[in-house]
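Just below is one structure, and these are the notes that go with it.
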Amino acid sequence: MKIFWCLLKKELRTCFLSPIAFVVMFFFWVLMGGNFVWLLYQLANGAPILTATQLLFGGPFISFSLPIVIPLITMRLFAEERKMGTLEALLTTPLKISALVLSKFFGALFFYLVLWLPIFIFAFILAKFSPSTEIVFPDWGALFAGSLGVVLVGGLYVAIGLLMSSLTSNQIVAAIAGFAVLFCTFLAGVFLAYTTANPVGRMLGHYFSSYTHMYDFARGIVNTHVIIFYLSATAWVLFAAVRVVESKRL
Amino acid sequence: MIKVSNVTKKYPARLAVDDVSFEVARGEIVGFLGPNGAGKTTTMRMLTGYLEANAGDIEVAGFNLLTHPEEVRRRIGYLPESCPLYLEMRVDEYLWFRAELKGVGLAARRAKVNDVKERCGLTEVGKRIIGQLSKGYRQRVGLADALVHDPELLILDEPTVGLDPYQIRQVRELIRQLAEEHTILLSTHILPEVEAVCERILIINEGKIVASDTSENLHRMLHSTVLLEMEVQAKKEDALMELDALQGINVRECNMLAGGWLWIEMDAATPALRTRLFDLVVAKGWRLRALTEKEYSLEDTFVEITQRAKEGAV
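Right under this line is the structure:
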């Protein structure tokens, strides 16, 4: 546990010191700003204030950017350590590989959540200037559910990015592999959920499409089966990453 | 301290370490010598638990590496081959992080970090970013890292590679000081280095240990002959022909020098053959300006040993 904290501190420091982190942050915040402007535009054109959290969390700008943004955050996690040889220095200390993987996971997830912080500024602005008629913004329940969705979906995405990074010593390969996996599953989910007439396909799509899940969370719908899906999938992917790091020693 | 028994490591394409066994006693400085690609780094990586052996047993300080990997790693200070460091960190930060990672308690950490910084000559550069340090300083940071948890055993993979001669001397001096309290296994392909620092030499070639002894013993074991050097003024063909005719002399090398002088190096069965050489020179009316007995260099020994091992294998 002590070692985990030590590694996590180091990971956070590296994360916030790397220039790529700030580039990612810049572009994500530009997207978020765009998303907010688009949201205001919708509201100005008569969309009910009820849909505000939906657009805030589940806007297509942001949903479609996540498969790119997250691999950019996670690509260096193991690939850089491998390339620089520092993985050897780490693995020859008395640490547990699971502690190493978890520290990297939580470090990257924390950075990802920091990316989302402006959402509270936007929510504040909406709350401040929304007309105090029959329905008031914010709906705290929906805001909380949306945040939970961000954490859960982000967790799985970060875990997948981390797994890709653990497989290679090339950051570009890690980023592209992560992007490929995330984007394919994302698109497959969206297509299955919204464009097929086949009921089984639609059900399947709704079961694993993160776009749909995010949309539900942002409306304040919290399904336990979705929570369990994300937690178990994240745990499984992280376990796979531990095994990958272990097996590369053979 | 180290007990390696019948360890084998296969990579997909080749056999890197082939049924290797050796022991290192507590307090020894052992040099691990071999050409590039001989299996030195692989062996060291297996000792530190970074790589897993395909077969065989490794024991460090009485702990089996397979069953107690953390106990083993706690007792080893390891400097990997390329001296990997986090280039974006400051020296102090890095050593602090590594000390914490290796379980040096908060109470002792500051003293420990300061101590290794002083021993490795890093006190001045504590606030500098590692990426901006020269290779020599980085190597010292790596050494400081290996020492920071006060390990019983130091494993140093090519600790002087890439350093300038002055830095090499400093690092060797440091290693010699460390040897007073630690057991050291260091690898190198630079021969004078082992002679300068180590008490015992392990020679590895193509994944096999081909020799293990002190450097003097290795010389003695290999060379029943002595090495003679002679400088004469004579025709090269004549000199070679006459020397060939002499019983117990085997010319290794013959070079022309300025002014018609020849420099000849030869193996002789006994040092007493020098008088025969002198007689020969007088009889032929050559002029002589040098005739000495020389030490075989470790280089010769090394080439000979690896050669013999190869022939033995064939």
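Those protein sequences? They're chains A and B, same order as listed.
Its first residue numbered 2, the first sequence is counted upward by one per residue in the working numbering.
Its first residue numbered 36, the second sequence is counted upward by one per residue in the working numbering.
Just so you know, even glycine gets a beta-carbon here, dropped at the ideal spot from N, CA and C.
Tell me, to the nearest whole angstrom, how far the beta carbon of GLU116 (chain B) is from that of ARG235 (chain B); I am working on the premise that it is less than 8 Å.
GLU116 (chain B) to ARG235 (chain B), Cβ: 21 Å. No contact.
Taking 8 Å as the cut-off, decide whether the C-beta atoms of VAL42 (chain B) and ALA88 (chain B) are in contact.
yes
Which word fits TYR113 (chain B), buried or exposed, when buried means at least 16 other C-beta atoms lie within 10 angstroms of its C-beta?
buried
Would you say SER117 (chain B) reaches chain A, if we count a Cβ-Cβ gap shorter than 8 Å as a contact?
It does; some Cβ of chain A falls within 8 Å.
GLY155 (chain A) versus A:PHE58, A:LEU9 and A:TYR208, residue with shortest Cα-Cα distance:
A:PHE58
With DSSP as the reference, label MET124 (chain B) as helix, strand or coil.
coil
Express the C-alpha separation of THR102 (chain B) and THR87 (chain A) in angstroms, rounding to a whole number.
25 Å
Checking contacts by CB at 8 Å: is PHE90 (chain A) closer than that to chain B?
Strictly speaking, residue 90 (chain A) in this sequence is Ala, with Phe absent from that position. Cβ-Cβ to chain B under 8 Å: yes for ALA90 (chain A).
How would you call TRP30 (chain A), buried or exposed, if buried means at least 16 neighbouring beta carbons within 10 angstroms?
Counting the other CB atoms within 10 Å of its CB gives TRP30 (chain A) a total below 16, which places it among the exposed residues.
Helix, strand or coil: which one does DSSP assign to ALA214 (chain B)?
coil
Nonlocal neighbours in the same chain, by C-beta distance under 8 Å from GLN172 (chain A), ignoring five residues either side
MET76, ARG77, ALA80, GLU81, LYS84 and SER166
Keeping to the same chain, check which residues put their C-beta closer than 8 Å to that of LYS97 (chain A); ignore five residues upstream and five downstream.
Around LYS97 (chain A): ILE4.
How should LEU18 (chain A) be labelled, buried or exposed, when 16 other C-beta atoms within 10 angstroms of its C-beta is the threshold for buried?
exposed
Which residues does DSSP list as the beta-bridge partners of ASP248 (chain B)?
B:ILE236
Could you pull the start and end residues of the beta strand (DSSP E) that TRP141 (chain A) belongs to?
No beta strand (DSSP E) holds TRP141 (chain A); the alpha helix (DSSP H) holding it covers 141-167.
So which residues of chain B does LEU18 (chain A) contact, with C-beta pairs closer than 8 Å?
GLU123
Close Cβ partners of ILE1 (chain A) (< 8 Å) along its chain, the five nearest in sequence each way excluded:
Absent from the structure is residue 1 (chain A), since the part of chain A shown begins at 2 and ends at 251.
Decide yes or no for the touch test of the region 180-193 of chain A against the region 201-212 of chain A: beta carbon pairs closer than 8 Å, at least 3 of them.
yes
is_contact[PRO119 (chain A), chain B] using C-beta, thresh 8 Å:
no
Starting from LYS390 (chain B), find everything on chain A with Cβ-Cβ shorter than 8 Å and list it in chain order.
Given a span of 36 to 349 for chain B in the structure shown, any question on residue 390 (chain B) remains unanswerable.
With the cut-off set at 8 Å, would you say ASP53 (chain B) and GLY320 (chain B) are in Cβ contact?
no
Between GLY84 (chain B) and chain A, is the shortest Cβ-Cβ distance under 8 Å, so that the two count as touching?
yes
Can you grab the Cα-Cα spacing for the pair ARG204 (chain B) / ALA178 (chain A), in whole Å?
47 Å
With DSSP collapsed to three states, give me the class of GLY156 (chain B).
coil
In chain order, which continuous runs of the alpha helix (DSSP H) of length 4 or greater are located wholly inside the region 136-181 of chain B?
Note on the region 136-181 of chain B: whole alpha helix (DSSP H) runs with a minimum of 4 residues are 141-154, in chain order.
Buried or exposed: which applies to VAL102 (chain A), given that a residue is buried once 16 or more other Cβ atoms fall within 10 Å of its Cβ?
Counting Cβ neighbours within 10 Å, VAL102 (chain A) comes out buried, since at least 16 surround it.
Cα separation between LEU292 (chain B) and TRP298 (chain B)?
7 Å
Near ILE351 (chain B), what residues of its chain come up, given a Cβ to Cβ distance below 6 Å and the 5 sequence neighbours on each side ignored?
A question about residue 351 (chain B) goes unanswered here, because the residues of chain B that appear run from 36 up to 349.
Could you pull the DSSP bridge partners for TYR113 (chain B) from this structure?
B:ILE190
Can you give, in chain order, each stretch of the beta strand (DSSP E) that sits fully within the region 47-102 of chain B and has at least 3 residues?
Scanning the region 47-102 of chain B for uninterrupted beta strand (DSSP E) segments of 3 residues or longer gives 50-59, 64-68 and 90-95, listed from N- to C-terminal end.
Determine the closest residue to GLY283 (chain B) out of B:LEU326, B:ALA307, B:GLU264 and B:GLU266, with distance taken between C-alpha atoms.
B:ALA307
How would you call HIS184 (chain B), buried or exposed, if buried means at least 16 neighbouring beta carbons within 10 angstroms?
buried
Just the C-alpha distance for LYS105 (chain A) and ALA241 (chain A), rounded to the nearest angstrom, thanks.
14 Å
Alpha carbon to alpha carbon, what distance is there between LEU50 (chain B) and VAL160 (chain B)?
43 Å
Looking at the C-beta of GLU330 (chain B), does it have a partner C-beta in chain A at a distance below 8 Å?
no
Can you list the residues of chain B that CYS7 (chain A) reaches, using a CB-CB cut of under 8 Å?
PHE132, GLU135 and LEU136
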